[in-house]
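Participant: This is the structure I have questions about; it appears just below.
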Amino acid sequence: MAEGTASYLYCIVRSASKPRTTRVPDGIPGAGPVSLVLVGRNVWIVAASVPLSTYGPEPLERGLADMQWVGEVAVAHEAVVEHFARTRGATVIPMKLFTMFSSERRASEDVKARLDEVRAVLKRINGCEEWGIRVTRASVSPAAGRPGTSASSGAAFLAAKKQARDDARRQIEAAAEAAAEAFAVLSRVARDVRRRDDAPAGAEAPPLLDAAFLVPVRRLPRFKAVARKAAARCNTAGTHMILTGPWPAYNFAQPPGTIP
């Protein structure tokens, strides 16, 4: 590899034949052409050379402060991963954003050393897609949480205030129960599931449910039908459920560690 570059990994691909690199997206900003390196029987790493002037430790640290640039890199990274995920008969382990090695040889050696682990992941996600579920709570009804204005005495006011608190509590409990039920019924259809408990930066409150489901393709019709019923139940309980996907199995891959 030329001086001043690193090897950037997009994904690991298992395929009966070497995937074609024609019509592969350009990749992340500044990256060279995508290359495939055989690391085991029917297993390739998808890599590209990137300049250290952009992706070295110090430039990358500065770049991470620019959310627009990070977003552009993320979109380009995912475009390459999805290109190979669409290859007929292929199973793809997506790499995390900014997975880099000092050279293509080091990347290859590291994956080869973990090949048993890689094959186990490939076996687990084979024939599956990742789908996301997010349940958020609607604002508590304005009528819940404050007493009515018609209370004519102190006792009536206190009773109305207690009723308002009870109504608000019931709304919150119903929302939590709907989210828990959605998670339970969808988990029974999926092969595997991951809860994501970290609230997005700037979020006023965490979602009631943010989870990724590894769904066998043959179970997709059932999964979607169950999701529709769960969404209706959530809506009745004053919550909003969003289904996203399909995605490469980012939340179910255990990629090899990064070597500087």
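Taken in order, the sequence shown gives residues 0 to 259; the numbers are from numbering that gives the first Met the number 0.
From the three backbone atoms N, C-alpha and C, an ideal C-beta is built for every residue, glycine too.
#1: Give me, in chain order, the residues of the same chain whose beta-carbon lies closer than 7 Å to that of Leu-51; leave out the 5 immediate sequence neighbours on both sides.
#2: Can you tell me which of Trp-246, Leu-63, Ser-107 puts its alpha carbon nearest to the alpha carbon of Ala-78?
#3: So, with DSSP's three-state summary, where would you put Gly-237?
#4: Helix, strand or coil for Pro-245 per DSSP?
#5: Determine the direct distance from the alpha carbon of Ala-248 to that of Val-80, and round the result to whole angstroms.
#6: Mark Pro-206 as exposed unless 16 or more other C-beta atoms lie within 10 angstroms of its C-beta, in which case mark it buried.
#7: For chain D, is any of its Cβ atoms less than 7 Å away from the one on Gly-26?
#8: Could you please give the first and the last residue of the uninterrupted beta strand (DSSP E) stretch that includes Pro-32?
#9: For the alpha helix (DSSP H) containing Ala-119, name the first residue and the last one.
#10: Report the option in Val-110, Lys-223, Ala-175, Tyr-7 whose CA atom is closest to the CA atom of His-76.
#11: Nearest by alpha-carbon distance to Ala-236: which of Leu-185, Glu-172, Asp-209 is it?
#12: Spell out a yes or no on whether the segment 44-62 and the segment 114-125 are touching, meaning 3 or more CB-CB pairs, one atom from each, closer than 8 Å.
#13: Can you give me the Cβ contacts of Phe-222 inside the same chain, cut-off strictly under 6 Å, excluding the 5 residues immediately before and after it?
#14: Does the segment 15-31 come close enough to the segment 101-117 to have 3 or more Cβ pairs within less than 8 Å?
#15: Measuring only the C-alpha atoms, how far is Cys-10 from Asn-41?
#16: Quick check: the Cα distance between Val-134 and Leu-242, rounded to an integer number of angstroms?
#17: Count the other C-beta atoms from every protein chain shown that fall within 10 angstroms of the C-beta of Lys-17, then say buried if there are 16 or more, exposed otherwise.
#18: In whole angstroms, what is the alpha-carbon distance linking Met-240 and Glu-128?
#19: Going by beta-carbon coordinates alone, are Phe-212 and Val-192 separated by less than 7 Å?
#20: Whole angstroms is fine: what's the gap from Ser-14's alpha carbon to Ala-230's?
#21: Can the beta-carbon of Ala-30 be found less than 7 Å from the beta-carbon of Ala-46?
#22: Please state whether the Cβ-Cβ distance between Glu-12 and Gly-126 is less than 7 Å.
#23: Which residue from Ala-112, Ile-132, Glu-103, Arg-19 puts its Cα closest to that of His-82?
#24: Just to confirm before moving on: does the CB-CB distance between Arg-113 and Ala-174 stay below 7 Å?
Facilitator: This is what the structure gives:
#1: Gly-3, Thr-4, Ala-5
#2: Trp-246
#3: Coil, per DSSP.
#4: Reduced to three states, the DSSP call for Pro-245 is strand.
#5: If you draw a straight line from the Cα of Val-80 to the Cα of Ala-248, it comes to about 10 Å.
#6: With a threshold of 16 other beta carbon atoms within 10 Å, Pro-206 meets it and is buried.
#7: The chain inventory of the structure shown lacks chain D, comprising one protein chain alone.
#8: First-last for Pro-32: undefined, no H or E at that position.
#9: Run containing Ala-119: 114-124, per the alpha helix (DSSP H) assignment.
#10: Tyr-7
#11: Glu-172
#12: Touching, no, given that fewer than three Cβ pairs across the two stretches are closer than 8 Å.
#13: Val-188, Val-214
#14: no
#15: Using only the alpha carbons, I get a separation of about 14 Å.
#16: 9 Å
#17: Burial call: exposed.
#18: Distance between the alpha carbons of Met-240 and Glu-128 is about 19 Å.
#19: yes
#20: 36 Å
#21: In this structure, Ala-46 does not lie closer than 7 Å to Ala-30 by Cβ.
#22: Per the sequence shown, the amino acid found at residue 12 is Val instead of Glu. Between Val-12 and Gly-126, the C-beta spacing is not below 7 Å.
#23: Arg-19
#24: no
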